[in-house]
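Peer 1:
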Amino acid sequence: AEDPLILQVVPDAKEEGGFGGGGGGLGLGAAAVEAHFVSFERRFGRSYASAEERAHRRSVFAANLRRARRHQRLDPGAVHGVTQFSDLTPAEFRRAFLGLRRKKGSVGGSILGSSHEAPILPTND
Amino acid sequence: LPSDFDWRDQGAVTGVKNQGSCGSCWSFSASGALEGANFLATGKLKSLSEQQLVDCDHECDPSEADACDQGCNGGLMTTAFEYLLKSGGLESEADYPYTGTDGGSCKFDKSKIAASVKNFSVVSIDEDQIAANLVKHGPLAIGINAVFMQTYIGGVSCPYICGRHLDHGVLLVGYGSAGYSPIRFKEKPYWIIKNSWGESWGEDGYYRICRGRNVCGVDSMVSTVTAIQTS
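Sequence lines, in order, name chains A and B.
According to this note's numbering, the first sequence is numbered sequentially starting from 44.
According to this note's numbering, the second sequence is numbered sequentially starting from 1489.
1. Just checking: is the beta-carbon of His-1546 of chain B within a distance shorter than 8 Å of some beta-carbon in chain E?
2. Name the residue from A:Gly-142, A:Ala-161 and A:Val-125 whose alpha carbon lies nearest to the alpha carbon of Gln-1638 of chain B.
3. With distance defined between alpha-carbon atoms, name the residue in B:Asp-1655, B:Tyr-1694, B:Gly-1508 and B:Glu-1538 nearest to Gly-1705 of chain B.
4. Note down, in chain order, all residues in the stretch 1609-1639 of chain B with a beta-carbon under 7 Å from any beta-carbon belonging to chain A.
5. Run the CB neighbour count on Val-81 of chain A, radius 10 Å, all protein chains shown included, and call it buried at 16 or more, exposed below.
6. Using a Cβ-Cβ cutoff of less than 7 Å, which residues in the same chain neighbour Ala-1620 of chain B once the five nearest sequence positions on both sides are dropped?
7. Counting contacts by CB-CB distance shorter than 8 Å, is Arg-85 of chain A in contact with chain B?
8. Let me see if you follow: with CB-CB separation under 8 Å, is Glu-96 of chain A close to chain B or not?
9. Going along chain B in order, which residues have a C-beta closer than 9 Å to the C-beta of Leu-248 of chain A?
10. Could you check the C-alpha separation between Val-76 of chain A and Gln-127 of chain A for me, to the nearest Å?
11. I'd like the span of the alpha helix (DSSP H) that includes Lys-1606 of chain B, first residue to last.
12. Closest to Tyr-1586 of chain B by C-alpha separation, out of B:Ala-1634, B:Gly-1626 and B:Ser-1509, would be which residue?
13. If distances are taken between C-alpha atoms only, which option among B:Gln-1558, B:Phe-1596 and B:Gly-1592 comes closest to Gly-1576 of chain B?
14. Under a Cβ-count criterion, where at least 16 other Cβ atoms within 10 Å of its own Cβ denotes burial, should Thr-1502 of chain B be classed as buried or exposed?
15. Strictly below 7 Å CB to CB, what residues from chain A border Trp-1679 of chain B?
This is how it looks when you write it as structure tokens:
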């Protein structure tokens, strides 16, 4: 009742399938993806060790363009797009820029037991 | 509780930092919380050392001996607070600057402690309690699922679906009552989060995420710290 609108938040199979034209399913041609990638390299000062490495990063970048579009659909209140992490796979991103260790089986903030639980504060008035 | 609150307006938050290619987010989250707590206790804002935590904090969870803080390989804010209680505190950023690498020896000098932990607590999964602790005790160290943060540029993030597996440590510095949600045609409340990926990421280094339903696990690992009052 609160959110009456229902929107499609997953892509059509036709849209999502295939990398025809090098656009990563975005409807972008290879030249357009290359132009976006060149702009990304310039903006974030990227230079790759070899042509093979650059080609690999370009393919990761194309996949991340598609991912950003998925995120945009799932998260329409925010703006998603090219960031400094756009040439990293999700696994590389996790390894290099995350790092919160989770205790196995812990739930919520109850990590260290009751001795460190915060007292309940009044929130009225 | 005020409808809008932001510790940045009170001068309790240092500039956005950059962890580089190092899984040390937990140390930035912990040091940010202590920076805020120290500001509340002393009236002075000091930038504190994350590298001290990266190099020197190898504290393990008491109930899980192989789960320890490991520099660029990850850690946990609450075990960092345990370390700070035992070690005496954190040096300043200037005295023990960040290098973004681990493997270096611990160079902690107790005579240079700039802020000390008095106590720390974990806050229950209740948004009013989180807001109350934020307002009363200063910025809070929190965990979040960062999957949408890799592509985030700006606005209030409120994904329909987001995992609650926590993989990133950040700092909760405030909240707002009215971030416009275009898809819902209404104003939605949000949390204001300080990240450690530099100012060029997100909204000048900050992230806004909607409040109300533990989106991306944002309410589920929250800890607060108090600092020792010094003259």
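We treat Cβ as the ideally placed atom computed from N, Cα and C, and that holds for glycine.
Peer 2: In terms of the structure at hand:
1. The chain inventory of the structure shown lacks chain E, comprising the protein chains A and B.
2. A:Val-125
3. B:Asp-1655
4. Flagged, chain order: Ser-1609, Val-1610, Val-1611, Ser-1612, Ile-1613, Asp-1616, Gln-1617, Ala-1620, Asn-1621, Lys-1624, Gly-1631, Ala-1634, Phe-1636, Gln-1638 and Thr-1639.
5. exposed
6. Leu-1489
7. no
8. no
9. Summary: the structure shown does not reach residue 248 of chain A, with chain A confined to residues 44 through 168, and so no result is reported for it.
10. Looking at the backbone, the Cα of Val-76 of chain A and that of Gln-127 of chain A are separated by about 16 Å.
11. Premise fails: Lys-1606 of chain B lies in the beta strand (DSSP E), 1605-1611, not in any alpha helix (DSSP H).
12. B:Ser-1509
13. B:Phe-1596
14. Classified as buried, Thr-1502 of chain B has 16 or more neighbouring CB atoms from the shown chains inside 10 Å of its CB.
15. Near Trp-1679 of chain B there are no residues of chain A at all, since even the closest Cβ is about 13 Å away, more than 7 Å.
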